[in-house]
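Structure first, then comments.
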Amino acid sequence: MADPLQRRGRNVTILLLVLLFSLLIAFVLWASSRRIATFFSQRGDALAQTQPANAVWWYNWATFFYPNDSHAVVSRGHTYESLGQPEAALADYTRYIELLPRDASGYLSRGLLYSQMNRPDDALADLTSAIARQRDLVSAYVERSRVYVTKGDAKNALADLNKALELRPSDSSILMLRARFVADQKDLEAALKDADLAVAATPSDPAMYQVRAELRVRAKDIDGALADMAEAIRLAPNRADLYEERGSLYDKQRANNEAIADYRAALKLDAKRVTAHNRLGLIYMRLDDFTSARASFEQVAALSPNDPIGFLNRSWALSSLGEFAAAEQDLNTAITLTPDSATAFIARAKLFSKQARYDEARADLDKAIALAPNNAAPYQMRADIALSRKQAEPAITDYTRAIDITPKNARLYLARGRAYIVANNEQAALADFSKALEIDTRLADAHLQRAQIVYRAGNLQQALADFDAAEQVDPQNARIYAGRGRIYLAQGEIDKALKDLDMALTLRGNDPATLLARARLYEQQGKVDLAKSDYDQAVSMRPADVPTLLSRAQYLKERGDIDAAMSDWTAVLKLEPSNLSALLNRARVYANRNQSQLALADLDAAAKISPDQTAIYALRASLLSEQGNFAGANDNIDQAVVRDPNNVQLLMRRAALLEKTATMEEALEVYGQVLAIDGTVIEAYLRAGALRYKREEYWRAVPNFDAALALNPNEPTAHRGRGLALRQVDKVPEAIAAFKRYLELTPQAEDRSEIEAWISKHS
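Take 0 as the starting number for the sequence shown in numbering that gives the first Met the number 0 and just add one per residue.
Here it is as structure tokens:
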């Protein structure tokens, strides 16, 4: 038997062996758990990009076996973030920071997440902590600059961007970020310098050119922007968005053909680009190509059937084509899609107003106002309808509401002032016209309206001051000179009166200058004999006075006594061979008498005296056209238009010449220019309609004739043209109605028998 000492020794040995074995087992288990966790973590990493939900499962097992696995924790946080679970990601980033409090990446990740969660203060704190732990952490500076921007701290935002670029001076993305930032601070010069550096750093990246183009647009360097977009397209020719963006640049510059080409290129690459279809349609609307516009908007409606924009814009095109029922149906659809939006109700109100359905228009405007009580447009439209019906008080009420919403809109005060005139409240009208001018001194109509009121009130000086101000703003407005001339006449300032009346009559084109105010007034009053007596007397008293001779000559011409007028013009030219008025007037007479060579001789002399006188080129163009010299005629009319591009009569002559040379498309463009200047020129609508009919564009001809009839419902040519166009598209009842109205208006029409036969056949 072992003695007690031996037994104790054996027990101690066994105890030590057990302890050693336990430690060994613990070590093995500890090492195995880390190895197992690493295995699970690696599996999570492999799936994080493609199967994030499965990756989270593996990361969970990794942290189960080893809760302090920082890699698994932060990776799971990133994966949660990609899955749209920010709270779970936040918990993991916080745990990572607890595990590695000196590591900047944990604070960076959490700071970025806080920024996305719109928690700027928390984001700022974490990003600052990240930077404190790693001074060269560029991404932290960049993100912190964004946070500073959201907090309105421009100084620190710029400082962080500068620091990021100090650490990484050739990083094009940061350069562009700073470029946009300083551009927002109105320092476009510095922005463009950064953009240039970004482009130089990555010259093969189309995004850099795209951003620089945006900045160049803001700097009004359109050519530079277009060049950048061209380079971006060269680098990425298959990106539809680049073509569309360049198209929008052309669009803003009204370079219609280039914009259309780019939008079409974008759609060729991506036929489902809704914005490109919509933009293309808007250009067609601007070009009055309503059929093409409708086709584009149909694509918008088909691709985005739940968005009202396609239906709203298509209704606009349909309305322009005269298809009011279809337009109304589209607007009804838009209202169904967005019953709580005022936009569609306003659009439908415009459609109803166009059809003189004023009660329905007003009902829609009432709804629009209920939906958008802070939108001035429906109040103004409702007021316009009321004023057109001579309902002054409702108009005044609505104009007032619109003014309350947009108190800086001068034209609203002008409109309300007119309503006060209808209501016989001149004092209120005067206040509104004055307010309009306080906001916008270049409103000639407001000056004229106020001048008439103050003159009636006996304030002569204020009236004259308003007429003078109106002249500065709109020197081609005949009403200014006519009104001021009458005031000068009343004050006995004959010279000023004659000067103004001369200018007024020249601008109106229906009466010449006059030296004798009384003779002119007699003409205005229809006292022909007294006017003739005054002219004869003036000439007899001053037979060598050129203005007097010219005045009588003009009067005689208007009375139809051309021979006597020619005698006076010849007398003027003996006294003053370079008198432009006499030369032009005599040239016109020669032209009317088919004495072309004499007319051209006078016009050549006039051109030497006044090479910028549009009338010379216009008349010479007419003569050359009659001689069959269309090239010379076109050259002369072009010179006239260059000198007076907004002269409707010149543009009409130009269009007529283009018709003679069979350049129909250009003629239509010119008629469009005429109507853009003055939408009341019926002849332009009639000619455009006739041309479109000749080009077999019957549906496009109908709106032109409709527009003419809107200006004059009794215009026979418009009814006839409308009937012919409708007949071609098998709209027989409408064509018959148009023809019948035409025959009512022109009972002696040469084509009466032909039209009656057609009506009889198709009734």
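Virtual Cβ for every residue (Gly too), placed ideally from N, Cα, C.
Legend entry - Distance between Ala239 and Leu268 (C-alpha atoms, nearest Å): 6 Å
Inset, instruction - Report the three-state DSSP secondary structure of Ala371 (helix, strand or coil). - result: coil
Legend entry - Closest Cα partner of Asp467 within the set Ser114, Ala456, Ile486: Ile486
Legend entry - Buried or exposed (CB count within 10 angstroms, at least 16 for buried), Gly457: exposed
Legend entry - Touch test, the stretch 430-449 against the stretch 464-482, Cβ-Cβ under 8 Å, three pairs minimum: yes
Legend entry - 7 Å CB neighbourhood of Ala346 in its chain, flanking five on each side removed: Leu311, Ser314, Leu330
Inset, instruction - Apply the 10 Å Cβ neighbour rule to Ser144 and answer buried if 16 or more other Cβ atoms are within range, or exposed otherwise. - result: buried
Legend entry - Extent of the continuous alpha helix (DSSP H) run through Val680: First-last for Val680: undefined, no H or E at that position.
Inset, instruction - With a threshold of 16 other CB atoms inside 10 Å of the CB of Glu322, please say whether the residue is buried or exposed. - result: buried
Legend entry - Exposed unless 16 or more other CB atoms sit within 10 angstroms - verdict on Ser352: buried
Inset, instruction - Could you pull out every residue in the same chain whose Cβ sits closer than 8 Å to the Cβ of Leu320, ignoring the five residues on either side in sequence? - result: Phe289, Thr290, Arg293, Trp698, Arg699, Val701, Pro702
Inset, instruction - Could you tell me whether the stretch 173-184 touches the stretch 155-165, where touching means 3 or more Cβ pairs closer than 8 Å? - result: yes
Inset, instruction - Measure the C-alpha to C-alpha separation of Gly627 and Met502 and round it to an integer number of angstroms. - result: 35 Å
Legend entry - Element boundaries [alpha helix (DSSP H), containing Met228]: 221-234
Inset, instruction - Would you tell me roughly how many angstroms separate the C-alpha atoms of Arg587 and Leu618, rounded to the nearest one? - result: 7 Å
Inset, instruction - Helix, strand or coil for Met663, going by three-state DSSP, please let me know. - result: helix
Inset, instruction - Measuring alpha carbon to alpha carbon, tell me which of Thr679, Arg642, Asn645, Arg691 ends up nearest Ala666. - result: Arg691
Legend entry - Separation of Ala375 from Thr405, as counted between CA atoms: 7 Å
Legend entry - Local conformation of Thr49 per DSSP, three classes: coil
Legend entry - Proximity of Phe432 and Leu413 at Cβ, strictly below 8 Å: yes
Inset, instruction - Starting from the Cα of Glu327, find the closest Cα among Asp603, Pro307, Leu350 and give me that residue. - result: Leu350
Inset, instruction - Note down, in chain order, each residue of its chain lying with its Cβ closer than 8 Å to the Cβ of Glu244, except the 5 sequence neighbours on either side. - result: Gln209, Ala212, Met228
Inset, instruction - Classify Arg694 as buried or exposed, calling it buried when 16 or more other Cβ atoms lie within 10 Å of its own Cβ. - result: exposed
Inset, instruction - Could you say if the stretch 92-105 and the stretch 68-82 meet the contact criterion of at least three C-beta pairs nearer than 8 Å? - result: yes
Legend entry - Same chain only: Cβ atoms within 6 Å of Pro377, ignoring 5 sequence neighbours per side: Ile345, Leu364, Ala367, Ile368
Inset, instruction - Let me know the secondary structure DSSP gives Gly105 once reduced to three states. - result: helix
Legend entry - Simplified DSSP state of Leu514, which is helix, strand or coil: Low confidence applies to Leu514: its pLDDT is 38, below 50, so where it sits in the model is not reliable, and the reading given next is rough at best. Leu514 falls in the coil class under three-state DSSP.
Legend entry - Contacts around Thr679, its chain only, beta-carbon distance under 7 Å, and the 5 residues preceding and following it disregarded: Leu710
Legend entry - Close-in-space but distant-in-sequence residues of the same chain around Ser595 (CB under 8 Å, 5 per side omitted): Tyr589, Leu622, Glu625, Gln626
Legend entry - Close Cβ partners of Ala129 (< 7 Å) along its chain, the five nearest in sequence each way excluded: Ala103, Tyr106, Leu107, Gly110, Leu136, Ala139
Inset, instruction - Could you check the C-alpha separation between Ala122 and Glu188 for me, to the nearest Å? - result: 31 Å
Legend entry - C-alpha distance - Arg215 paired with Tyr283, whole-angstrom precision: 27 Å
Legend entry - Three-state class that DSSP yields for Glu714 in the structure shown: coil
Inset, instruction - Out of Ala218, Ser580, Pro474, state which residue places its alpha-carbon closest to the alpha-carbon of Gln612. - result: Ser580
Inset, instruction - Flag this pair as yes or no: are the beta carbons of Tyr419 and Ala428 separated by less than 8 Å? - result: yes
Inset, instruction - Tell me whether Val299 is buried or exposed, calling it buried when 16 or more other Cβ atoms sit within 10 Å of its Cβ. - result: buried
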